[in-house]
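Numbering (my numbering), first residue to last: 1158 to 1312.
For each residue, glycine too, the CB sits at the ideal point set by N, CA and C.
Quick caveat: nothing in here was measured; it's all calculated off a predicted structure.
The structure is reproduced here in structure tokens:
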């Protein structure tokens, strides 16, 4: 949103605070995780980006991924998930299921992708169920990366 635009960094507002807590709960630090937005500029009125706006930024996102070469990608919410996976299926149907990155070159085809809820959605729809679903998604990523998964559920 506006604060991200102002600071030139993704996820620095309330959703960013929650994302940082999620990363820490995984046993990681924010510095160990590369965070990128699918849209490189904020749409007016802080609305969700249009398909055209996301498409206009796709080349930049693909280049970032080619440089970073992630072991795994966690998409947060509909715009990121739908753009990266080139699908119209919504996050509520895709979350929690491993997907694979399509062909963007540089040997990244097939990179594992775990879709989950956007932290802003979790803040808006703050229910035990949504928090547990997001945590389960992150635990799957932790298992994939070989990180220790806590036996108790976070929430």
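_Straight-line gap, residue 1292 to residue 1209 (C-alpha atoms, nearest Å)_ = The straight-line gap from Cα to Cα measures roughly 31 Å.
*From what residue to what residue does the beta strand (DSSP E) around residue 1276 run?*
Annotation for residue 1276: no beta strand (DSSP E) segment contains it, though the alpha helix (DSSP H) segment containing it runs 1276-1281.
*asked:* Any heavy atom of the ligand GTP inside 8 Å of the beta-carbon of residue 1286?
replied: With respect to the ligand GTP, the structure shown offers nothing to examine, as it has no ligands at all.
*The alpha helix (DSSP H) with residue 1249 in it runs from where to where?*
Looking at the DSSP string, the run of the alpha helix (DSSP H) that includes residue 1249 is 1248-1251.
*Count the C-beta pairs between the region 1191-1200 and the region 1218-1232 that are closer than 8 Å, then say yes if the count reaches three, no if not.*
Contact between the region 1191-1200 and the region 1218-1232 is present, because at least three Cβ pairs lie under 8 Å.
*Just mark residue 1260 as buried or exposed, buried being the case when its beta carbon has 16 or more other beta carbons within 10 Å.*
Residue burial is scored here from C-beta neighbours: residue 1260 has fewer than 16 other C-beta atoms within 10 angstroms and is therefore classed as exposed.
*Could you pull out every unbroken beta strand (DSSP E) segment of at least 3 residues lying fully inside the region 1176-1260, listed in chain order?*
Listed in chain order, the complete beta strand (DSSP E) runs (minimum 3 residues) inside the region 1176-1260 are 1230-1233.
*asked:* Rounded to whole angstroms, what is the Cα-Cα separation between residue 1305 and residue 1268?
replied: Roughly 21 Å separates the two Cα atoms.
_Through-space distance from residue 1197 to residue 1288, alpha-carbon basis_ = Answer to the nearest angstrom: the Cα atoms are 27 Å apart.
*Where do the N-terminal and C-terminal ends of the beta strand (DSSP E) with residue 1270 fall, by residue?*
Per DSSP, the unbroken beta strand (DSSP E) holding residue 1270 starts and ends at 1269-1273.
_Distance check for residue 1230 and residue 1271, CA to CA, integer angstroms please._
One alpha carbon belongs to residue 1271, the other to residue 1230, and they sit about 6 Å apart.
_My output table needs one value for residue 1168: the three-state DSSP class, helix, strand or coil._
It is coil, neither helix nor strand.
*What span of residues does the alpha helix (DSSP H) with residue 1298 cover, start to end?*
That run of the alpha helix (DSSP H) goes 1285-1302.
*Presumed contact (8 Å Cβ cut-off) between residue 1273 and residue 1233, rounded CB distance*: 6 Å between Cβ atoms; contact.
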